[in-house]
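*Asks:* Shown below is the structure under consideration.
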Amino acid sequence: TQAICFTIFGRAREEDKWTVSSDDVKLIINKAIELAEAGLTWFWDGFSILEKVVFAAIAEAQEYSDNYVRLIKRFRHDTEDKLIIETNQILRSNGFLDEIEERVKIEFVRLWIIQRHPLREEIHELDKIEQKKIPSSIILHSNTIDSRLVYPSDININLHQPSEVNTSAIPVKSNLIILTTIASAVFITASLLLAGISPSLRTCPTDERKELGVFCVADNSRISRGNSTFFPEINNIPRDKGIQAFQQGNYPGATKFFEQAKKANRYDPEVLIYYNNALARQKGSPLTLAVVVSLDKNKTTPVEVLRGVAQAQDQFNQKQQKKGLNDRLLEIVIANDSNTKKAKEV
């Protein structure tokens, strides 16, 4: 969604056309896919080779109104139906497929799979893996969320072999989608921001230091987790009290004030991010991502980016809180890069 919206906005600005139709959306899909490539690739790497094959088959079958099992068997005629269906059930139970129809839930992801990971290539990857005779159990992982998703040892990588799959033992990966959305938004913003920066300018002056690996600062005024506001022109007393509490390390108090600030201005993404950051700090050991935006001039586009990130963070943290006491929450660091000569000393 972030990639599509950002690309639509860019096209509208270039053409000075501010009424967007469905035809405009179709025209920018390829560009949006390019912008979201890093986040989607990270998302794809979390699947086993079996899941990739079935996922790609369903994406292509949906494109041509075909049967995904038949498509797989067109390349590997001796593949067991049972194993294909079991893998389908794993994808469905984890929320990647429609609950009723054989369809990929997110159309943008389906289009990306067709372009970047066609079934023929995934089958080829499977063949190469089988030839290497790697171990039969596959470990799925995500470094960003610092967790491991492990298949039961009785799932065999060889599609020829029947397998008993206990789907209840496989962790749900829906949080991976949410984190991918956030990571994609962060990547898109940072990519556009850094695109014009010369490599010769990527060192900091002696009186400054690099912050978050992104830009040089003399102080922390351009970075905030909840300790300052980038929108002082917005009058919100509970927000200001929340910032004071956050600065003092009083995270329960900050949570209370930021919650009041949300109610006072429910359209302010900064407040929603700070509320979730206070919750994450209160719980301890937060997962941390940074979003880099330019907030010194026109704030319209950066605010929309922050809004998308804030909504995704809020959804992720709500799911984490429902899961149990030991699940870490997500903290978003907002970094303001003015894109001026001073800020470009990266």
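The sequence shown begins at 46 in my numbering and counts up by one.
Idealized CB from N, CA, C, for every residue including glycine.
#1: Could I get the ranges of all uninterrupted alpha helix (DSSP H) runs contained in the stretch 119 to 150, with 4 residues as the minimum, in chain order?
#2: Can you find the residues in the same chain that come closer than 7 Å, C-beta to C-beta, to Glu108, ignoring five residues on each side of it along the sequence?
#3: Going by beta carbon distance, what residues of the same chain come within less than 7 Å of Leu340, once the five residues before and after it are set aside?
#4: Pick out whichever of Val336, Phe361 and Gln360 has its Cα sitting closest to the Cα of Glu349.
#5: What did DSSP end up calling Ile279 once you bin it into helix, strand or coil?
#6: From the DSSP output, which residues share a beta bridge with Thr333?
#7: In angstroms, rounded to a whole number, what distance separates the CA positions of Pro297 and Leu351?
#8: By how many angstroms is the C-alpha of Asn139 removed from the C-alpha of Ala357?
#9: Answer yes or no: do Ile279 and Asn310 have a C-beta to C-beta separation smaller than 8 Å?
#10: Taking a contact to mean a Cβ-Cβ separation below 8 Å, would you say Glu147 touches Ala106 in this structure?
#11: Val114 bridges to which residues according to DSSP?
#12: State whether the stretch 286 to 306 contacts the stretch 325 to 336, with contact taken as three or more CB pairs (one from each stretch) at a distance under 8 Å.
#13: So Ile174 packs on Ile94, CB below 8 Å; how close in whole Å?
#14: Smallest Cα separation from Ile78: which of Val338, Asp372 and Val154?
#15: Go ahead and pull the three-state DSSP assignment for Asn381.
*Replies:* Inspection of the coordinates gives the following:
#1: Qualifying alpha helix (DSSP H) stretches, in chain order: 126 to 138.
#2: Locating residue 108 in the sequence shown gives position 63, where the first residue counts as 1. Hits under 7 Å: Ile159.
#3: Stepping through the sequence shown from its first residue, residue 340 is reached at position 295. Excluding positions up to five away in sequence, the list reads Phe275, Pro347 and Asn381.
#4: As a first step, residue 349 is located in the sequence shown; it is residue number 304 there, counting from the start. With distances taken between Cα atoms, Glu349 lies closest to Val336.
#5: Within the sequence shown, residue 279 is the residue found at index 234, counting from 1. Ile279: coil per DSSP, three-state reduction.
#6: What you label residue 333 is simply residue 288 of the sequence shown in a count that begins at 1. Looking at the DSSP output, Thr333 shares a beta bridge with Glu376.
#7: Residue 297 sits at position 252 when you count from the first residue of the sequence shown. Residue 351 sits at position 306 when you count from the first residue of the sequence shown. Put simply, the backbone Cα of Pro297 is about 24 Å away from that of Leu351.
#8: Here residue 357 refers to the residue found at position 312 of the sequence shown. Here residue 139 refers to the residue found at position 94 of the sequence shown. Rounded to whole angstroms, the separation of the alpha carbons of Asn139 and Ala357 is 18 Å.
#9: Sequence index remark: in the sequence shown, residue 279 carries index 234 (1-based). Sequence index remark: in the sequence shown, residue 310 carries index 265 (1-based). The answer is yes: Cβ separation under 8 Å.
#10: Locating residue 147 in the sequence shown gives position 102, where the first residue counts as 1. Locating residue 106 in the sequence shown gives position 61, where the first residue counts as 1. Their beta carbons are under 8 Å apart, which means Glu147 touches Ala106 by this criterion.
#11: The sequence position of residue 114 within the sequence shown is 69, counting from 1. Answer is none; Val114 lacks a bridge partner.
#12: They touch, by the three-pair rule.
#13: Mapped onto the sequence shown, residue 174 falls at position 129. Mapped onto the sequence shown, residue 94 falls at position 49. Correct: roughly 6 Å between the Cβ atoms.
#14: By 1-based counting over the sequence shown, the position of residue 78 is 33. That would be Val154, whose Cα lies nearest to the Cα of Ile78.
#15: Along the sequence shown, read from residue 1 onward, the residue named residue 381 stands at position 336. DSSP, read as helix, strand or coil, puts Asn381 in strand.
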